[in-house]
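K.L.:
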Amino acid sequence: MTGRPIEPSGSAPTPVVRLDAVGLSYGQTRALENVTLDMPSGCTVGLIGPDGVGKSSLLSLVAGARVVQDGHVEVLGGDIADALHRQAACPRIAYMPQGLGKNLYPTLSVFENVDFFARLFGHDRQERERRIGELLERTGMARFANRPAGKLSGGMKQKTGLCCALIHDPDLLILDEPTTGVDPLSRRQFWELIDDIRRDRPGMSVIVATAYMEEAARFDWLVAMDAGRVLATGTPNELLAQTGAETLDAAFIALLPEEKRRGHRALIIPPRSAESDGDIAIEAVNLTMRFGDFTAVDNVSFRIPRGEIFGFLGSNGCGKTTTMKMLTGLLPASEGTASLFGRAVDPNDIEVRRRVGYMSQAFSLYTELTVRQNLDLHARLFRMERGAIADRIAEMAERFGLREVMDVLPDALPLGIRQRLSLAVATIHSPDILILDEPTSGVDPVARDGFWQILSDLSRKDNVTIFVSTHFMNEAELCDRISLMHAGKVLVSDTPAAIIEKRSAATLDDAFVAYLEDAIGGEPMAATPLAAPREAAPPAAPSSPGARFFDARRMLAYTRRESLELWRDPIRATLAIVGSLVLMIVLGYGINMDVEDLTFAVLDRDDTTVSRDYVLQVAGSRYFTEKAPITDYDDLDRRMRNGEISLAIEIPPGFGRNVARGHDVAIGAWIDGAMPARAETVRGYVQGMHQTWLMQKARELYGDAATVGRFQLVVRYRYNPDVQSLVAMVPAMIPLLLMMIPAMLAALSVVREKELGSIINFYVTPVSRLEFLVGKQVPYVALAMLNFLLLAAFGIFVFGVPFTGSFLTLTTAALLYVIFATGLGLVISTFMSSQIAAIFGTTLITMIPTFQYSGLIDPVSSLQGFGAVIGNIYPSSYFITISRGTFSKALDFGDLATTFIPLVIAIPVTLGLGAALLKKQAG
Amino acid sequence: MRIDHVFHLGIKELRGLARDPIMLVLIVYAFTIANYTAANSVPETLNRAAIAVVDEDQSPVSSRIITAFYPPYFVVPRMIDLSEMDGRMDAGLDTFALNIPPNFQRDLLAGRAPEIQLNIDATRMSQAFSGGGYVQAIVSSEIDEFLSRHRAGASVPVDLELRARFNPELNKGWFTAITNIINSITMLSIVLTGAALIREREHGTIEHLLVMPITPAEIMVSKIWSMAFVVLVASASALVFVAQGLLSIPVQGSLTLFLLGASVHLFATTSMGIYLATVAGSMPQFGLLLMLALFPLRALSGGMTPRESMPEFIQNIMLAAPNTHFVAMAQAILFRGAGIDVVWPQFLALIAIGAVLFTFSLWRFRQSLR
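Order-wise, the sequence lines are chains G and E.
Take 648 as the starting number for the first sequence in my numbering and just add one per residue.
Take 1458 as the starting number for the second sequence in my numbering and just add one per residue.
(1) Name the DSSP beta bridge partners of residue 1272(G), please?
(2) Helix, strand or coil for residue 938(G), going by three-state DSSP, please let me know.
(3) Residue ranges of each alpha helix (DSSP H) run of no fewer than 4 residues wholly in the segment 692–735 of chain G, ordered along the chain?
(4) Pull up the distance between the alpha-carbon of residue 1531(G) and that of residue 1548(E), whole angstroms please.
(5) Where residue 898(G) and residue 708(G) are concerned, what is the direct C-alpha to C-alpha distance, given to the nearest angstrom?
(6) List the residues of chain G that residue 1589(E) touches, going by C-beta distances under 7 Å, in chain order.
(7) Cα-Cα, which of 682(G), 803(G), 1145(G) and 1132(G) is closest to residue 1165(G)?
(8) Would you report the Cα separation of residue 1628(G) and residue 892(G), rounded to the nearest angstrom?
(9) Any idea if residue 1400(G) is buried or exposed, counting beta-carbon neighbours within 10 angstroms, 16 or more meaning buried?
(10) Shorter than 7 Å from the beta carbon of residue 1550(G) to some beta carbon of chain E?
(11) Go through its chain and collect everything with a Cβ distance to residue 835(G)'s Cβ below 7 Å, but skip five positions before and after it.
(12) What residue range does the alpha helix (DSSP H) around residue 881(G) cover?
(13) CB-CB under 7 Å to residue 1822(E), same chain, minus the five flanking residues each way: which ones, in chain order?
(14) When Cβ atoms are compared, which residues of the segment 1617–1643 of chain E fall closer than 7 Å to chain G?
(15) Between which two residues does the alpha helix (DSSP H) containing residue 1520(G) stretch?
(16) Consider the Cβ of residue 1576(E): report whether some Cβ of chain G lies at a distance smaller than 7 Å.
(17) Can you give me, in chain order, the residues of the segment 1362–1376 of chain G that have a beta carbon less than 8 Å from any beta carbon in chain E?
(18) Which of helix, strand or coil does DSSP assign to residue 1565(G)?
(19) Taking a cut of 7 Å between CB atoms, which residues from the segment 1647–1675 of chain E lie near chain G?
(20) Please decide whether residue 1287(G) counts as near chain E, where near means a Cβ-Cβ distance under 7 Å.
(21) For residue 1149(G), count the other beta carbons within 10 Å of its own beta carbon; 16 or more makes it buried, fewer makes it exposed. Which is it?
(22) Once the 5 residues before and after residue 1579(E) are set aside, which same chain residues still bring their CB inside 7 Å of it?
(23) Just curious, the beta strand (DSSP E) that residue 1005(G) is in, first and last residue?
(24) With a threshold of 7 Å between beta carbons, is residue 1578(G) in contact with chain E?
(25) Short check: CB of residue 688(G) to CB of residue 669(G), under 7 Å?
(26) Taking the alpha carbon of residue 1142(G) as the reference point, which residue from 1266(G), 1158(G) and 1048(G) has its own alpha carbon closest?
(27) At the 7 Å Cβ level, is residue 1005(G) part of the contact set with chain E, yes or no?
(28) What first and last residue would you give for the alpha helix (DSSP H) that runs through residue 906(G)?
(29) Between which two residues does the alpha helix (DSSP H) carrying residue 805(G) extend?
(30) At a CB distance below 8 Å, what residues from the segment 964–975 of chain G approach chain E? Give them in sequence order.
(31) Quick check: is any heavy atom of the ligand SAM less than 6 Å from the C-beta of residue 1676(E)?
(32) Closest Cβ-Cβ distance between residue 1528(G) and chain E: below 7 Å?
(33) Looking at the C-beta of residue 1492(G), does it have a partner C-beta in chain E at a distance below 7 Å?
(34) Determine the chain G residues that contact residue 1485(E) at a beta-carbon separation under 7 Å, and present them in chain order.
(35) For residue 1245(G), which of 1259(G), 1505(G), 1519(G) and 1325(G) has the nearest alpha-carbon?
(36) Note down the Cα distance separating residue 1557(E) from residue 1368(G), rounded to an integer number of angstroms.
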């Protein structure tokens, strides 16, 4: 294949995209290899091929979302690797990534989503409302403007995504599998919408990737891809002519390299023999499932005879999976009955599940188990006879062509083989019924035909009843009979040929659309072209914003969106608001150095006034609570062991007499050493009380002479005269908590976007790094300040810590500090790629310096080496000083002015670092 | 419930865990490195406490006092003026400021009982609290020694023989190492079980299990036993090899009894892990929930500071947490050598809490599968 373009007649002479020797690798995997091609402008270019051949990689390179590794990518007349050109060109490019609603924010409403994009492209309020109104009207989404994007059907999500993409009148529209998983009517509407928009803007170029070959026939020019290489290019007719095939599917197979085609035979499913008809395998009568107000499955009935391949056709979310769950007894039906082989399905009867094999939509085997282990586990769980398992596994390996890969982990296998493995697992226990949920999504045509060959064998040879759901029409055509399903209802059930005939349609697709239109009734779901509204529209998006360094409007667009998202995410919002309070209570009570109400008991073998006086000395203190006297050593031993007493005092016989005579005598004291910190405190208390008692006794016995040569050590506990833990802890906990949680939330905010994929919006829109970071930071700073006020109020009013200094000073410092903390979180987010890593990473990075090196426990002045360096530059040190100063030491701004300087310096440093480290393209 | 299903599913969990490097590292780290460093990095009671001295006496006794402060307990004392003292303490530069007044030695020898002033920055937690006693003891002993030739003794000859039981040297390393094992048991059992459920859900394999002849109870019990088993093996080896071997901590009681208690505790905490995983939709949410759940369990269960110094209502609330009983039991067995005759109430409490948590989690788990 040369990959040289064949110019479609009448198209503009300069190609919109030129690729020259483009290559791309993800680690060891080569996604694109030496792709050279020119895409004509002003028309619809289609990229065709199964999943994983490099279509999405190619599109993300063209959109500027991914860094060009090898070769040269020219888009709209400039090098996309050049940041300046990217900046100039990105307001002219719109990119809709793969995945239903991938560029949307699920908690935001349709309007809010589109509005966010409009703000990014710098339209003013009036212009925004006009454009959004028009686009929503045109796509038929106006009625759903207030619905959260996450609750839309697949088709509606894609229309909303398209609104977001079209908001700035792009010259190049890039759509990555926009209709995968969408019902045929919505799919058709989607393409009519695109055609309609192209009529208004004939200059606009559209590049589309698709896995539906039947869809590709309507594009102007096609690029067939396989394994990161271009197989062929040309108009659909040229490709058909080149291969001499009748359909694009067949043409694609013909274009595949020799080794892939080998073993491929045209798929023939023999007709069913009539004799097996009598037996009904699956029967549903008026099956209904309601979740609250929502009816997921509405009055569905069908009968499937044994050995039939029955297709269930419908879009994502139409009720296919729910119906299947009711058939398997996973879900009890709200109404109606389902029966298998004439026996009603009872959800509690798990025996029936042994007769059913199930293969779910996504690859859902254990990727941590090898192929053999997966088969073995399932065989055992289906209670196969132990002796038979090994033979059965060998048989399945043979039949499904898995022999060479038995000890390989599934992740290492190509998609087609994994699907075969799934099927092998689902049939390991020789079920009578096989339920397959979209089994061949994204599999290349050769593998798919092989897969269906196996299904055909199972049905025709083993008389297995197969219930298969799909949204591919060409797969539906292979079934004996199909049901068309939409919004919980079965529209029609019959053989594919009969359905086409009934509607006198050309294809099954057309027939399905006709049924859907009937079902939806008079409602104009189709795109409604407005009467020439575009002429009145002012010229396309203002070109200035792309060039500006910092645009407050774009920044605020992010601020607004971030706030809305945070507000609507219960777990993050809870953590943000009450998390720090909870932790403060926990730390306040948990790290408590006050030791009070310690239990002690006495073994008094003397029992005189003197000994009782001694005991009274201990019992009278507020630190100790006396328990029942100890009777003997065994009692002492037992009570210490179970932790009932933490101090035992033994007074020897003759104690009083010996003291009076001035003889040496010793009192024994046992301390529970299980908790050393507590034991040390106890020891201190006991020693202190012993000394006091001795002094008293000495004075009693010898008068004032005993004090000669003595001195007094006057201890002043400053700032916290009662020496309470909380007074010491609270002012230091506020800095700790204000560091940890705001930093973590800020870090999560960016990493979440990376994980969910919406970070692409940042890559392909004119937002600058600084706008992105500051925009995201603002809500978290506001939230952290709210947190600060809560923490301070809680400390002062609930914990009763006296506040003696200037609150304004503390608040100002807190503001600077949380700006730093959130900024640090954003810096961390630039090099973390998963949320879990961000959570643990941020905890480590913020906790250790704040806890160890910021004067929380040991003052910075007593640190040395590395710790001292960190302690001196880390802003927490200074904020702790300010917090303690204002809380306990009655200081105000005048006393603390110099400690503010490091806080002020830290802000631009983190912000600059974050902006420098953040990538404006995917690696 | 069928035992063979529970067994095979549990083996599957173990295989899955064996291929999850992050979790393996976490387990090994929690029971070895974290343990070892926790035992060894606990600062001795006092570490380089910042002290400053205002010496207005400049006498032999005052210089004797000053030279008695030296690292590692204290930094070398900074000599400052009386006028500097307040400012330095306000700025948090010194934790202690000792003020020796003019004519201190003369007054001392004359029996006038002069005053030395010790200023302590009491906002500084541990240093202030424990260091205060040290400073007093050092000053007293220096002065006593100085006076020993001059003093005409008159005192009461009563000795106080203080002995700490179970940990005679009050070695904090012992305590932190054992406490760390106790905490790791809780942390890991929750994390591993929760992660096992979430991993299954994120991969979509849970749905797969449900169409097989398996009940939710079997799925849950298989996760519980397998993860509890891992934690139990890891903690037993941590006790034997790290605590007893490497750190030579004398474990007093019966290891078997402790492990039996730990199994009962694990029954409760693994159920809690399942519960948290049903609440959290995804791994990140689980991570956030963990922070909110583990902190209180750790700090308020009596493992860090004694329960009796916490407010009454916290003590009561924490009675519902398995940790509280487990910590009490573990301390009794491992430190004080208690037997079942002593710790049976904790066993009963753990069994009761575990049963409630298990039932509740199973109910939640069934709900979440709908």
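Glycine residues also receive a C-beta, built at the ideal position from the N, C-alpha and C atoms.
P.N.:
The relevant details are as follows:
(1) 1246(G)
(2) strand
(3) For the segment 692–735 of chain G, whole alpha helix (DSSP H) runs of length 4 or above, ordered along the chain, are 702–710.
(4) Here the alpha carbons of residue 1548(E) and residue 1531(G) stand approximately 9 Å from one another.
(5) 27 Å
(6) 1362
(7) 1132(G)
(8) Because chain G spans 648 through 1570 in this model, residue 1628(G) falls outside it and cannot be assessed.
(9) buried
(10) no
(11) 1160
(12) Run containing residue 881(G): none in the alpha helix (DSSP H); it sits in the beta strand (DSSP E), 876–881.
(13) 1673, 1677, 1731 and 1735
(14) Those residues of the segment 1617–1643 of chain E that come within reach of chain G (Cβ to Cβ, closer than 7 Å) are 1617, 1618, 1619, 1620, 1621, 1622, 1623, 1624, 1625, 1627, 1628, 1629 and 1632.
(15) Where residue 1520(G) is concerned, the enclosing alpha helix (DSSP H) stretches over 1512–1520.
(16) Taking Cβ atoms only, chain G reaches closer than 7 Å to residue 1576(E), which makes this a yes.
(17) 1362, 1363, 1364, 1365, 1366, 1367, 1368, 1370, 1372, 1374, 1375 and 1376
(18) Three-state result, residue 1565(G): coil.
(19) 1660, 1661, 1662, 1664, 1665, 1667, 1668, 1669, 1670, 1671 and 1672
(20) yes
(21) exposed
(22) Within the same chain, Cβ atoms closer than 7 Å to the Cβ of residue 1579(E) are found at 1585, the five residues on either side in sequence being excluded.
(23) 1003–1006
(24) Residue coverage of chain G in this structure runs from 648 to 1570, which leaves residue 1578(G) outside it and unanswerable.
(25) no
(26) 1158(G)
(27) True, the Cβ-Cβ gap to chain E drops below 7 Å.
(28) It spans 905–908 - the alpha helix (DSSP H) in which residue 906(G) sits, taken as one unbroken run.
(29) 801–813
(30) 975
(31) What this structure holds is no ligand at all, so the ligand SAM is not there to describe.
(32) Closer than 7 Å: yes.
(33) no
(34) Within chain G, no residue has its beta carbon less than 7 Å from that of residue 1485(E); the closest one is some 16 Å off.
(35) In terms of Cα proximity to residue 1245(G), the closest of 1259(G), 1505(G), 1519(G) and 1325(G) is 1325(G).
(36) For residue 1557(E) and residue 1368(G), the gap between their C-alpha atoms comes out near 21 Å.
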